[in-house]
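Here is the structure we will look at.
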Amino acid sequence: PPAIIAVVKANAYGHGAGRVALALEHAGATMLACADIEEGIVLRRAGVRVPILVFGALSVSHLDGLFEFSLTPTISTPSAARAVQAAAASRKVRVHYHLKIDTGMNRLGFRHDNLRRMLPEVLGSPNLVLDAIYTHFATADDPEQALFGEQRVRFEEAVRTARELGVAETVSRHAANSAALLRDSRVWYDFVRPGLLLFGIVPPPLASTLALQPVMSLTSRVVASKGLRPGEAVGYGARFRADAPATIAVVPAGYADGLDLRLAERGQVLIRGCRVPIVGAVSMDMITVDVTAVDAVQPGDEVVLIGRQGTEDWQQIDVREMAAAIGTI
Ligand SMILES: *Cc1c(COP(=O)(O)O)cnc(C)c1O
């Protein structure tokens, strides 16, 4: 089986980079990956010892962090190769790097169809040591698109070209994000690069037979409840108007806490084991929920925004459901 590059960019998908990274290292991740040098420094400061791959382009970064915190850069442009080569030479050290090939995403990476012209300079850089070649899929989560298969073929051709240009057989290959690794074992190669799956999230719209548990939960508590008379409205913009007597509970969590504004009139939360709708606007620090159908809601009652409250299927709200309700990921 392939080894794992555990992706913990963007503060480990919001879960807390330091603690998550140490847990993944302890669980056996061969390498971690993050978006930029600053994120890599956070991981090292938390105590991470395994190699850390930086995905992003380096052209506007201060490169000192690469050396001070022994991070592994991705080289995805000729100018990045020159900059890292120069910085390494001036420090009289050698830098291990991963080479990124663009096989059809048309974002970062050396074009797959231009390698004979572009690679010799990079491969000839005396202070750069190539550890791995990789690419990234644009459509791994969409079985309708032919691009996924085209990218796989182009990547394998690119690796063959690189070998002809002198890249050793020991240099490894990787390509698969979560969706790609679920989809096709032919793209597992030497490493896979899951992010979402590590946090218990199957990338939408895919379904999976894996028994994954989302690791994040987000809870609050009811701070007040009140009755509405027929015709009365609640919150900014009076977006929700009661057509019969209703009971509203106030929950002290709002967009400043990360609850998307679009959850107004669309999202649900769990209180006393019941699903109840978010009504009215999402405020900066509060939401209001309609608890008319729930018995005896009181200040202090637990409110589950993401997570589980009870054992029934419907007593769980995961981040996929929340995202789907508002048309985001
Ligand atoms: C974010 C990212 C991944 C992980 O993607 P998931 O869909 O979360 O598994 C893998 N590779 C690269 C280059 C990435 O930027």
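So in our numbering, spot 168 of the sequence shown is number 312, and the numbers just go up one at a time. The C-beta atom is built at its ideal place from N, Cα and C for all residues, glycine as well.
**Prompt:** Using the C-alpha atoms, what's the distance from ALA284 back to ARG327?
**Reply:** 7 Å
query = How far does the alpha helix (DSSP H) with TYR241 in it reach, from first residue to last?
reply = Looking at the DSSP string, TYR241 is not in any alpha helix (DSSP H); the run it does join, the beta strand (DSSP E), is 239–246.
**Q.** Reference ALA355; option with closest CA among VAL346, LEU362 and VAL152
**A.** VAL346
Requested in this report: Note down, in chain order, each residue of its chain lying with its Cβ closer than 7 Å to the Cβ of GLY381, except the 5 sequence neighbours on either side.
Outcome: ALA425
Bridge partners - ILE181, DSSP secondary structure assignment: For ILE181, which the question treats as bridged, DSSP gives no partner whatsoever.
CB PRO145 to CB HIS318, shorter than 9 Å?
no
| said: Measuring alpha carbon to alpha carbon, tell me which residue in SER316, HIS256, VAL420 and ALA440 is nearest GLN453. | reply: VAL420
Ordered along the chain, which non-local residues of its own chain (more than five positions away) have a Cβ less than 8 Å from that of ALA302? ILE245, THR247, HIS256, LEU259, ILE277 and THR279
- Message: For LEU414, list the residues DSSP reports as bridge partners.
- Response: ARG419 and VAL448
*Closer than 5 Å is what we want: which residues have a beta carbon that near any heavy atom of ligand 1? List them in chain order.*
VAL151, PHE199, HIS280, ASN321, SER322, ARG337, PRO338, GLY339 and LEU340
> In chain order, which beta strand (DSSP E) runs of at least 3 residues are fully inside the region 355–417?
Replying inline: 362–365, 368–372, 390–395 and 412–415
- Item | Delimiting residues of the beta strand (DSSP E) encompassing ALA227 | Unbroken run through ALA227 is the alpha helix (DSSP H), 222–235; no beta strand (DSSP E).
- Item | Which of helix, strand or coil DSSP assigns to HIS170 | helix
Quick one: grab the DSSP three-state call for GLN442.
coil
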